[in-house]
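2 protein chains.
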Amino acid sequence: MTQTTRIALQARPKGEPADSDFRIEQAELGQPGEDQALLQTLFLSLDPYMRGRMSDAPSYAAPVQIGQTMVGATVSRVLESPGGQFAPGDVVLGYGGWQSHSVEPVSYLRKVDTGTAPVSTALGVLGMPGFTAYAGLLQIGKPQPGETVVVAAASGPVGSAVGQIAKLRGARAVAIAGGQAKVDYCREIGFDAAVDHRSENFRDDLAAATPDGIDVYFENVGGAVWDAVLPRLNTYARVPLCGLVSVYNATSLPEGPDRSGVLMGTILRKSLTVRGFIQTEFVADHFADFQREMSGWVSSGQMKYREDVVDGLDNTPEAFRGLLAGRNFGKLVVKVSE
Amino acid sequence: MTQTTRIALQARPKGEPADSDFRIEQAELGQPGEDQALLQTLFLSLDPYMRGRMSDAPSYAAPVQIGQTMVGATVSRVLESPGGQFAPGDVVLGYGGWQSHSVEPVSYLRKVDTGTAPVSTALGVLGMPGFTAYAGLLQIGKPQPGETVVVAAASGPVGSAVGQIAKLRGARAVAIAGGQAKVDYCREIGFDAAVDHRSENFRDDLAAATPDGIDVYFENVGGAVWDAVLPRLNTYARVPLCGLVSVYNATSLPEGPDRSGVLMGTILRKSLTVRGFIQTEFVADHFADFQREMSGWVSSGQMKYREDVVDGLDNTPEAFRGLLAGRNFGKLVVKVSE
Numbered sequence: 001m002t003q004t005t006r007i008a009l010q011a012r013p014k015g016e017p018a019d020s021d022f023r024i025e026q027a028e029l030g031q032p033g034e035d036q037a038l039l040q041t042l043f044l045s046l047d048p049y050m051r052g053r054m055s056d057a058p059s060y061a062a063p064v065q066i067g068q069t070m071v072g073a074t075v076s077r078v079l080e081s082p083g084g085q086f087a088p089g090d091v092v093l094g095y096g097g098w099q100s101h102s103v104e105p106v107s108y109l110r111k112v113d114t115g116t117a118p119v120s121t122a123l124g125v126l127g128m129p130g131f132t133a134y135a136g137l138l139q140i141g142k143p144q145p146g147e148t149v150v151v152a153a154a155s156g157p158v159g160s161a162v163g164q165i166a167k168l169r170g171a172r173a174v175a176i177a178g179g180q181a182k183v184d185y186c187r188e189i190g191f192d193a194a195v196d197h198r199s200e201n202f203r204d205d206l207a208a209a210t211p212d213g214i215d216v217y218f219e220n221v222g223g224a225v226w227d228a229v230l231p232r233l234n235t236y237a238r239v240p241l242c243g244l245v246s247v248y249n250a251t252s253l254p255e256g257p258d259r260s261g262v263l264m265g266t267i268l269r270k271s272l273t274v275r276g277f278i279q280t281e282f283v284a285d286h287f288a289d290f291q292r293e294m295s296g297w298v299s300s301g302q303m304k305y306r307e308d309v310v311d312g313l314d315n316t317p318e319a320f321r322g323l324l325a326g327r328n329f330g331k332l333v334v335k336v337s338e
Numbered sequence: 001m002t003q004t005t006r007i008a009l010q011a012r013p014k015g016e017p018a019d020s021d022f023r024i025e026q027a028e029l030g031q032p033g034e035d036q037a038l039l040q041t042l043f044l045s046l047d048p049y050m051r052g053r054m055s056d057a058p059s060y061a062a063p064v065q066i067g068q069t070m071v072g073a074t075v076s077r078v079l080e081s082p083g084g085q086f087a088p089g090d091v092v093l094g095y096g097g098w099q100s101h102s103v104e105p106v107s108y109l110r111k112v113d114t115g116t117a118p119v120s121t122a123l124g125v126l127g128m129p130g131f132t133a134y135a136g137l138l139q140i141g142k143p144q145p146g147e148t149v150v151v152a153a154a155s156g157p158v159g160s161a162v163g164q165i166a167k168l169r170g171a172r173a174v175a176i177a178g179g180q181a182k183v184d185y186c187r188e189i190g191f192d193a194a195v196d197h198r199s200e201n202f203r204d205d206l207a208a209a210t211p212d213g214i215d216v217y218f219e220n221v222g223g224a225v226w227d228a229v230l231p232r233l234n235t236y237a238r239v240p241l242c243g244l245v246s247v248y249n250a251t252s253l254p255e256g257p258d259r260s261g262v263l264m265g266t267i268l269r270k271s272l273t274v275r276g277f278i279q280t281e282f283v284a285d286h287f288a289d290f291q292r293e294m295s296g297w298v299s300s301g302q303m304k305y306r307e308d309v310v311d312g313l314d315n316t317p318e319a320f321r322g323l324l325a326g327r328n329f330g331k332l333v334v335k336v337s338e
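Those sequence lines, one after another, are chains P and X. Using the UniProt record's numbering, the letters of the first sequence map in sequence onto residues 1 to 338. Using the UniProt record's numbering, the letters of the second sequence map in sequence onto residues 1 to 338.
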């Protein structure tokens, strides 16, 4: 029997997840069957959507049950594949969650190309975050040459891909990021302008960076950034909405007045399209194109990416708190083993 | 010189428009030029969007200036057409506004077919409201056979057309209306179910009327009706948004908490499409189809409509207040002359 070290959800967090909401423990994994594989986790992915899985509020996906291992994508090494679908040593993308080893159905696993880029990129620029950017921007945002595309959390794995794909499609790309280092990085990777949402002058800076208004706002943050973007949106602007990380830890509604009517009024007056999405919606029709295009851009250097690698499974809860607070810089992954 | 009796905007209304916000006066019209026509107003249209024109808040259209004649669509008889583009006696759709006579550029005028239906329908089922329903439902709502389409203000010119077009496309149509008479009328014209938003049991009634949830909500009301609809929307539901009549007279924001984040969160979680629109966006591509299809449905009796005709220009301000309060029953027009 193989032992796994796993992080289970011990309690549903109220606000920011606390260490006491998780339990690190040893557990025994069963023997893999003919349609399963035994895996050793190399990297686990930390993504904002996981905050939703810790909650039992209605969502598009079932919550993690108390006592269960926290879910999430992983890049792992195959230790045993009794049905022969994989060879020992193969590197695969799967959904092992927050643990050192896992047994997973082989149908959930996809072999990772170890030649193009570091295998951890299967969790980032070449994985779900990259595809979220690609599908949301191109299928919903539909940027036209010369239009202005704005994205928040722009140094992150989704935002940085949004900006670079916008540029590759001939649009002007404007970054919103938190702090000077991230703003500088956004300029380095090709954004036409970058503004700091922590600055006192944020609204003025955003106006200066978007002299022709905003045609596409790729929304993954919400809150005060959205409030500043809304008045800059042009008629017929598109707002692909894939996340609201600024409010995931909220325990109560913000104080009034109630501005939901103002939001609807703005959508009406400007003929806006606001479209929520989860990338899975687009996998069947667009994932193959994504893999081909994005791998090409990464290989040619047209798509830059940055990873923030935290070492050691034990540090996962603290790293996740940092993700929700914007303390990571680049795609956040935890290195679980060599 | 021809005299016109006109209603000018005297002050910008605060809240519900008051009589003192308007001035009824006589004015002299200039002689029509070669590219103009002199018209006598038969019917003038009253529509919720006019409340926006009385305000100088930012909008998709310029406000009416103080002292100017209130704008709006009209059906008129041609008295003089110096350039010969029309014959005296022709009935035309134009934008004469709230007055008895007008001089308009002939390029703004469209001859009304007097054979299909009463000429006032050019302001309703065969005009802008009908086209708003047609374009918004089919181009944005995209109802599929068997899906559930819900519309508020369902006995009005837009809502009643939305429901009947939804039925013609094989969808299930559910009406929301205010008061028993309007609810009964909606059932008469073919809605599968109709609920009264003034009822204490409105939320339960809406749930009972939409057992499979809501796939398309055609939004023209806002406020409490929208709050009740939101939890019933299915994943991937579409919300064409062409009006928010419930808030047009609002002078301050509603009390908190601020639920705009909840609204964005729901759009995200359910992968909703919320799309504001003004019908003019779709005229070039779809108005000819609309005229052909809608005229056919009216002629064959498949499209029922109801008009609320107020007699006399003097009664226009009071009728407009009634429109915003939902006191009209059917498309509201003012009969200005025989």
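Think of the CB as a built atom: it goes at the ideal place given N, C-alpha and C, for glycine as much as any other residue. Quantities reported herein were computed from a predicted structural model and do not represent experimental measurements.
Beta-carbon proximity of residue i to residue j, cut-off 7 Å
i: P:Lys335; j: P:Asp314; result: no
i: P:Pro82; j: P:Glu34; result: yes
i: P:Val239; j: P:Ala152; result: no
i: X:Leu29; j: X:Thr2; result: yes
i: X:His101; j: X:Gln10; result: no
i: X:Leu42; j: X:Val75; result: yes
i: X:Leu79; j: X:Val92; result: no
i: X:Leu241; j: X:Thr266; result: no
i: P:Lys182; j: P:Leu233; result: no
i: X:Leu44; j: X:Leu332; result: no
i: P:Arg53; j: P:Val64; result: yes
i: P:Thr210; j: P:Val174; result: yes
i: X:Gln31; j: X:Thr69; result: no
i: X:Gly276; j: P:Leu272; result: yes
i: P:Gly330; j: P:Arg292; result: no
Best match in the options for proximity to residue i [C-alpha to C-alpha]
i: X:Val274; options: X:Val92, X:Leu46, X:Trp226; result: X:Trp226
i: X:Glu16; options: X:Ser55, X:Cys242, X:Ala224; result: X:Ser55
i: X:Lys142; options: X:Lys14, X:Thr266, X:Tyr236, X:Arg269; result: X:Tyr236
i: P:Pro88; options: P:Val195, P:Arg198, P:Gln36; result: P:Gln36
i: X:Ala166; options: X:Thr121, X:Gly115, X:Val150; result: X:Val150
i: X:Gly178; options: X:Pro58, X:Asp285, X:Gly159, X:Pro118; result: X:Gly159
i: X:Ala250; options: X:Gly67, X:Gly223, X:Arg77; result: X:Gly223
i: P:Val77; options: P:Lys111, P:Val71, P:Ala61, P:Ala62; result: Sequence inspection shows Arg at residue 77 of chain P; the Val mentioned does not correspond to that position. Comparing Cα-Cα distances from P:Arg77 to each of P:Lys111, P:Val71, P:Ala61, P:Ala62, the minimum goes to P:Lys111.
i: X:Leu138; options: X:Ala161, X:Thr116, X:Ala122, X:Ser295; result: X:Ala161
i: P:Gln164; options: P:Phe86, P:Pro211, P:Val298; result: P:Val298
i: X:Val107; options: X:Phe86, X:Phe282, X:Pro118; result: The sequence shown places Ser at residue 107 of chain X, rather than the Val named in the question. Answer by Cα proximity: X:Phe86.
i: P:Ser59; options: P:Pro32, P:Gly326, P:Asp285, P:Ile278; result: P:Ile278
i: P:Ile140; options: P:Asp308, P:His286, P:Ser337, P:Ala228; result: P:His286
i: X:Ala228; options: X:Ser252, X:Glu200, X:Pro254; result: X:Glu200
i: X:Gly326; options: X:Ala207, X:Ala171, X:Gly96, X:Ala154; result: X:Ala154
i: P:Thr280; options: P:Pro13, P:Gly115, P:Ala61; result: P:Ala61
Euclidean distance between Cα positions of residue i and residue j
i: residue 359 of chain X; j: X:Phe290; result: Outside the modelled stretch of chain X, which goes from 1 to 338, sits residue 359 of chain X, for which no answer is possible.
i: P:Arg203; j: P:Ile176; result: 11 Å
i: P:Gly261; j: P:Ala27; result: 51 Å
i: P:Tyr248; j: P:Pro48; result: 8 Å
i: residue 339 of chain P; j: P:Gly127; result: Absent from the structure is residue 339 of chain P, since the part of chain P shown begins at 1 and ends at 338.
i: P:Val125; j: X:Gly156; result: 50 Å
i: X:Val103; j: P:Asp196; result: 54 Å
i: P:Lys304; j: P:Ile189; result: 6 Å
i: P:Arg23; j: P:Ala8; result: 5 Å
i: P:Thr148; j: P:Ala133; result: 16 Å
i: P:Val216; j: P:Arg169; result: 13 Å
i: X:Ala18; j: P:Asp184; result: 56 Å
i: X:Asp21; j: X:Gly67; result: 10 Å
i: P:Arg321; j: P:Asp205; result: 29 Å
i: P:Ser295; j: P:Arg198; result: 34 Å
Simplified DSSP state of residue i, which is helix, strand or coil
i: P:Asp314; result: helix
i: residue 340 of chain P; result: What is shown of chain P runs 1 to 338, which leaves residue 340 of chain P out entirely.
i: X:Ala173; result: strand
i: X:Gln3; result: strand
i: X:Glu255; result: coil
i: X:Arg110; result: strand
Practice task
May I have a chain-ordered list of the beta strand (DSSP E) segments no shorter than 3 residues that lie completely inside the stretch 136 to 168 of chain P?
Solution key: 148 to 151
Problem - Complete beta strand (DSSP E) runs within the stretch 74 to 100 of chain P (minimum length 3 residues, chain order) - result: Runs found: 74 to 80, 91 to 94.
Handout entry: Complete runs of the beta strand (DSSP E) confined to the stretch 12 to 42 of chain X [at least 3 residues]
Key = 22 to 29
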